[in-house]
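Engineer:
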Amino acid sequence: MKELTFGTLIAVFEEIFGPTLFWVMVIVAAVITLAYFYVLIRDRAVSWRKFLRAQLSMPFGAVIAVIFVQKMTHSNFSDIGGPIDLIILLGIAVMGAVGAAILVYTFDALFLQKPGKQSE
Amino acid sequence: MSQSFNATRRGFLGFAAGAGALMAAGPGATAAPAPIDTKARIVVLGAGAAGTALANRLSRRLNGATITIIDPRKEHWYQPGFSLIAAGLKPAKYSVSQTGDWLPKDITWIAERAAEIDPDGNKVMTESGKTVPYDFLVLATGLVLNYGAIEGFEMDMIGKNGIGSLYAGPDYAAKTWEAAGRYTEDGGVGIFTRPATEMKCAGAPLKHTFLIDDIARKSGTTKLDINYMAHNKGLFGVPIISEKLRMLFGQREITPHYSHVLKSVDAGKKMATFATENGDAEMPYDYLHIVPPQQAPDVVRNSALTDPGSWGGRGWATVDKHTLRHNFFDNVFAVGDIAGVPKGKTAASAKWQVPVVEEHLIAQIAGTKSDASYNGYTSCPLITRVGRAMLIEFDYNNDLTPSFPGVIAPLEELWISWLMKEVALKATYNAMIRGDA
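Chains as they are written, first to last, in our numbering: chain S, 1 to 120; chain H, 1001 to 1437.
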């Protein structure tokens, strides 16, 4: 377990989620990220109203990410055994929160509020 | 506000670019040494984890060598998965792949059992009578499970009448769960054994004990009487780990019985007989997990490559414990379970042994010397419950050798160690047998 190359890391994630689900998730994440950059460039500014709304989704994203990983690995909150476990758990929650915020922001900007309509 | 966001966005883009660079540089970051031209004939006996990993690495390092691997088994078994299968956490197919899928394309695979080794004549005879001459021989045969040594036991008992044995293979591990799963619901007396011989993954009998106890308790089964039968006065070969296990058993109300070695089983009466210091002891059971005695396959055990006077005649190859080179035949190496070394019958050990054999073999071909040395490194993500494990790593000196000191404590039951076992281990194992890690 000493050499952790990028290739191994990919293999690990394929193992966690299964290759199909993993690559579908990678593609979905990439598409959402691209769409996010697209709306940022299109609008030339960040919309703080949309950002506020996106923030509301963050706790949900955090919880969903944690539950998803636990479900995939036969784990539970009672399995947290030390500081490193807590750090991993929080890391997963943060990733879920940020992912949810980006998703909601992008969705909002693309489909709900066209630029120009909202006040900055 | 907008200014600060721009800064963040720049930072974010920078991060993304960095990640991209890492992605591009990642797999090829370490430059491989130039291959060596040779006409050497190398025979590898066994296409398990160690043999396959070595064949892959040698075929990359050598140009023009004739590499032959001899193994009749069409299926490759990911054995670290057996514990998970036998606890109902993974299906049998989780551990099964095809041997041929892992082997390099430019080698010869003889899908036959090796019948005889002639180290003086530098040749191997296969079961069908083929003679395969070699310049270098690598023993990677693995070991055999000697179920015949347990009186009254038949393979078809596994999965029925409260008998399990997860070592026997992926299908038997799944059958083991059929019996163990019933026990987790019905409760009663559970007896978990281990042999008195050297064995592969000495942690596996303990993992099974912990997992079945955990699953039974979580499903609300009371009336549990779980017993672990140690073959000597310790629970594990490494004293500090043995002590930790003693404490865990205390907390979990698992009763250790020392110096109890399974001798025979009466499946009809559900009675197990143990050889103890005070003669035979009979114990009734509702669930019995059997780990049979283990020894070298006959092809090595009956050859000149082992010393019949050592290892109780179990036939492990007589090699130097640091170089893994044979003590008397300097063109013969042993890697993996077959090596007669005091520790290291695990896939993690194979991962550390393979590069050592590779370096010495290549140095010998090139006419140089290598100082590569195997220090007995063994690792075992010792599962203590579904969701937690202790990542224990140690060497010949019984020293703990944690890979992530200060981050992943070796004697603590952690979720991250469980994640490593359940999700990261198979990926690293696969990378290892491809020769990549």
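Every residue, glycine too, gets a C-beta built ideally from N, C-alpha and C.
Do you know whose CA, among H:A1092, H:W1109, H:G1051 and H:E1116, lies nearest H:R1301's CA?
Structural biologist: H:E1116
Engineer: Name the two residues that bound the continuous alpha helix (DSSP H) containing S:I38.
Structural biologist: Residue identity differs from the one stated: residue 38 of chain S is Tyr in this sequence, not Ile. Element bounds for S:Y38: P19 to D43.
Engineer: Classify H:H1260 as helix, strand or coil using the three-state DSSP reduction.
Structural biologist: coil
Engineer: Residues of chain H with CB closer than 8 Å to the CB of S:T20, please, in chain order.
Structural biologist: Near S:T20 there are no residues of chain H at all, since even the closest Cβ is about 16 Å away, more than 8 Å.
Engineer: Would you identify the three-state DSSP class for H:I1408, choosing helix, strand or coil?
Structural biologist: coil
Engineer: Would you mind telling me which residues of chain H sit closer than 8 Å to S:A11, beta carbon to beta carbon, in chain order?
Structural biologist: Per Cβ cutoff of 8 Å: A1427, T1428, N1430 and A1431.
Engineer: Can you tell me whether H:G1279 is helix, strand or coil according to DSSP?
Structural biologist: strand
Engineer: Around the C-beta of H:M1155, are 16 or more other C-beta atoms found within 10 angstroms, so that it is buried, or is it exposed?
Structural biologist: exposed
Engineer: Go ahead and label S:I41 buried or exposed: buried means 16 or more other beta carbons lie within 10 angstroms of its beta carbon, across all protein chains shown.
Structural biologist: exposed
Engineer: Kindly identify the DSSP beta-bridge partner or partners of S:H74.
Structural biologist: Answer is none; S:H74 lacks a bridge partner.
Engineer: On the DSSP letters alone, give me the boundaries of the alpha helix (DSSP H) that H:H1208 sits inside.
Structural biologist: Note, H:H1208: alpha helix (DSSP H), A1204 to K1218.
Engineer: Per DSSP, H:G1190 forms a beta bridge with which residues?
Structural biologist: H:I1226 and H:Y1287
Engineer: Considering only C-alpha positions, which residue in the set H:D1436, H:G1190 and H:I1433 is nearest to H:M1283?
Structural biologist: H:G1190
Engineer: If we ignore side chains and look at the alpha-carbon of each, how far apart do H:H1360 and H:V1423 end up?
Structural biologist: 33 Å
Engineer: With a Cβ-Cβ cutoff of 8 Å, do H:T1108 and H:T1141 count as a contact?
Structural biologist: no
Engineer: In or out: H:E1253 buried (at least 16 other Cβ within 10 Å) or exposed?
Structural biologist: With fewer than 16 Cβ atoms within 10 Å of its Cβ, H:E1253 is classed as exposed.
Engineer: Where does H:R1301 fall in DSSP's three states?
Structural biologist: helix
Engineer: What is the DSSP secondary structure of H:G1234, counted as helix, strand or coil?
Structural biologist: coil
Engineer: So that I know if they touch, is there some Cβ in chain S lying closer than 8 Å to that of H:I1416?
Structural biologist: yes
Engineer: Report all residues from its chain with a CB closer than 8 Å to the CB of H:A1204; omit the five preceding and five following residues, and keep chain order.
Structural biologist: F1082, S1083, L1166, Y1167 and V1291
Engineer: Could you check what DSSP says for H:E1393 in three-state terms: helix, strand or coil?
Structural biologist: Of the three classes helix, strand and coil, the one that applies to H:E1393 here is strand, per DSSP.
Engineer: Are the Cβ atoms of H:G1054 and H:V1124 separated by less than 8 Å?
Structural biologist: As written in the sequence, residue 1054 of chain H is Leu, which differs from the Gly given in the question. It is not a contact, given that the beta carbons lie outside the stated cut-off.
Engineer: Would you check if the distance between the CB atom of H:A1050 and the CB atom of H:G1315 is smaller than 8 Å?
Structural biologist: no
Engineer: Which residues of chain S have a Cβ atom closer than 9 Å to the Cβ of H:V1238, listed in chain order?
Structural biologist: The contacting residues do not exist; H:V1238 stays about 18 Å from chain S at best.
Engineer: Output the distance between the C-alpha atoms of H:K1090 and H:I1240, rounded to the nearest integer angstrom.
Structural biologist: The alpha-carbon atoms of H:K1090 and H:I1240 are separated by roughly 31 Å.
Engineer: Using a Cβ-Cβ cut-off of less than 7 Å, list which residues of the region 75–92 of chain S approach chain H; keep chain order.
Structural biologist: S75, N76, D79, I80, G81, G82, I84, D85 and I88
Engineer: Let me make sure I understand the geometry here. Which of H:K1207, H:C1201 and H:D1298 has the alpha-carbon closest to that of H:T1384?
Structural biologist: H:K1207
Engineer: Among the residues of its own chain, which have a CB less than 6 Å from the CB of H:W1418, if the five just before and after it don't count?
Structural biologist: G1387, R1388 and A1389
Engineer: Counting pairs of Cβ atoms below 8 Å between the region 1370–1379 of chain H and the region 1322–1332 of chain H, do you hit three or more?
Structural biologist: Counting Cβ pairs under 8 Å, three or more are found: they touch.
Engineer: Which of the three DSSP states is assigned to S:L112 in this structure?
Structural biologist: helix
Engineer: Spell out whether any CB of chain S is found under 8 Å from the CB atom of H:I1383.
Structural biologist: No, H:I1383 lies away from the interface with chain S (no Cβ there is under 8 Å from its Cβ).
Engineer: Applying the 10 Å Cβ sphere with the 16-neighbour rule, what's the burial state of H:I1362?
Structural biologist: buried
Engineer: Where H:K1244 and H:Y1147 are concerned, what is the direct C-alpha to C-alpha distance, given to the nearest angstrom?
Structural biologist: 30 Å
Engineer: Which bits of chain S does H:V1407 rub up against, with CB to CB less than 8 Å?
Structural biologist: Chain S residues near H:V1407: I84.
Engineer: Check whether the region 1094–1113 of chain H touches the region 1399–1416 of chain H, counting contact only when three or more Cβ pairs, one atom from each stretch, lie closer than 8 Å.
Structural biologist: no
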